[in-house]
Amino acid sequence: MRHRLTVSVLALLLTAAVPTAGWADPPDWLSHYRIVPRKSTLIESGGFTGWTQRYRVHGQFDFLQLWTPGVPGDPQQRVVEFDNANVYAPLGEMLPAFYDVDDLFNLEGLAGKLLPLGAPFDVYHFQGLGNTSAAASPLEQSTVNLYAALLGPWMYLYGETTPPPYSADYPVYQFQALAYQGRWADWNEDGVVDAADYTVMRDQQATLAASDFDETVAIDDWRSQYGEREPDVAAFQAAFSAARATAVAVPEPGCAVLVAIGIALLPARRGRTQTARHQGDLSPRREPGE
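Letter by letter, the sequence shown follows residues -24 to -1, 1 to 266 in mature numbering (1 follows the signal peptide of the UniProt record, and there is no 0).
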């Protein structure tokens, strides 16, 4: 009798444990991105005089993809966050002052959710309050809307702030940035990684020796990225504008939105396809017709 009871209890425990395998949390993912300054800007505008100032954005950040705990009958949701953000916009080349973009947009305090676009890439929306530093008053906190598109090693960010309705002469900020997972090997900043970048990299080796420059890593990055091109930022901007406008009218964006972002990212995919053919070559051969 005792033996039968023990077997029954074990069978019950095993039966109860089977469904929990389907409820287990997927692994979290952490990616590190470096901003491409020549494609990243912070625009400050507003005030009684209607001024507009543009600043180039620098920095890096981590992007963490989390999953909410799953329970029976409640599907899990993917949530994304920024972490270790060091994103800034110098006020001038010779000035030590800068805007803290992380503080203005509260990057590390926002949580984004995946938009149901049905696209072959992920687009996330972040919303919250910016300027949350201890020195800021709650009356100075603007509303933040931020979008992020990811495909392959690239991320494009677009965000804007909306001042409180009771504020006066308060600036508005627009933030757009192109970021790459790791160090983008476009040393001559012409938008494509090619043989010319290797020459510039070797010429700058002496001046970069005191920084975090590692020649072996730099050459490996150049080899693996050879042939890659920066995605078309203008197409990204048009796609996000269409996505925001369409989201107000219908649940899903039109095909034009998906096509625009897809076209923007095609050069990056094409470059990575060509990369596999050139691995291990210090001077990668060109494809016929290039």
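Even glycine gets a Cβ: it sits at the ideal position worked out from N, Cα and C.
Worksheet item: According to DSSP, what are the bridge partners of Ser16?
Response: Ser16 pairs with nothing; no bridge assigned.
Worksheet item: Using DSSP with H/G/I as helix, E/B as strand and the rest coil, what is Pro4?
Response: Sequence check: residue 4 is Asp here, not Pro. DSSP places Asp4 in coil when its eight states are reduced to three.
Item to complete: Under 8 Å by Cβ, that's how I've got Arg199 and Val168 pegged, so tell me the actual separation to the nearest angstrom.
Response: Not confirmed; about 15 Å, so no contact.
Worksheet item: Where DSSP assigns a beta bridge to Ala135, which residues make up the other side?
Response: Checking the sequence shown, residue 135 turns out to be Gly, not Ala. According to DSSP, which records beta bridges pairwise, Gly135 is partnered with Leu122 and Phe151.
Practice prompt. Please say whether Gly35 and Val63 have beta carbons closer to each other than 8 Å?
Written response: The answer is yes: Cβ separation under 8 Å.
Worksheet item: Looking only at its own chain, which residues have a Cβ that is under 6 Å from the Cβ of Asp78, when we skip the five neighbours before and after it?
Response: Taken in chain order, the residues that qualify are Ala61 and Val63.
Discussion item. For a test of the three-state rule: what should DSSP assign to Ala172, helix, strand or coil?
Written reply: The answer is helix: DSSP assigns Ala172 an H, G or I state.
Discussion item. By the DSSP assignment, the beta strand (DSSP E) with Val77 in it spans what residues?
Written reply: For Val77, there is no enclosing beta strand (DSSP E); the enclosing alpha helix (DSSP H) covers residues Val77 to Phe81.
Fill in: Opening and closing residue of the beta strand (DSSP E) in which Pro129 lies
No beta strand (DSSP E) contains Pro129, which DSSP labels as neither H nor E.
Item to complete: Answer yes or no: do Pro129 and Tyr156 have a C-beta to C-beta separation smaller than 8 Å?
Response: A Cβ-Cβ contact shorter than 8 Å links Pro129 with Tyr156.
Worksheet item: Is the Cβ-Cβ distance between Leu133 and Asp98 less than 8 Å?
Response: No. Outside cutoff.
Discussion item. My assumption, with CB atoms under 8 Å, is that Ile19 sits in contact with Arg30. Please give the rounded CB distance.
Written reply: Sure, about 5 Å apart at Cβ, within 8 Å.
Worksheet item: Leaving out the 5 sequence neighbours to the left and right, which residues in its chain are closer than 8 Å to Arg14 when beta-carbon positions are compared?
Response: The beta carbon of Arg14 is closer than 8 Å to those of Arg32 and Glu165 in its chain, skipping five residues each way along the sequence.
Worksheet item: How many angstroms separate the CA atom of Pro92 from the CA atom of Gly26?
Response: Each residue's Cα considered, the two are about 37 Å apart.
Worksheet entry | Beta-carbon proximity list for Ala171, same chain, < 6 Å, skipping 5 on both sides | Same-chain partners within the cutoff: there are none.
Discussion item. Just to confirm the assignment, what range does the beta strand (DSSP E) spanning Glu69 have?
Written reply: Counting along the chain, Glu69 falls outside any beta strand (DSSP E), and DSSP gives it neither H nor E.
Item to complete: Between the Cα of Asp4 and those of Ile11, Ser21, Leu42 and Thr17, spot the shortest distance and give me the residue it belongs to.
Response: Nearest C-alpha to Asp4: Leu42.
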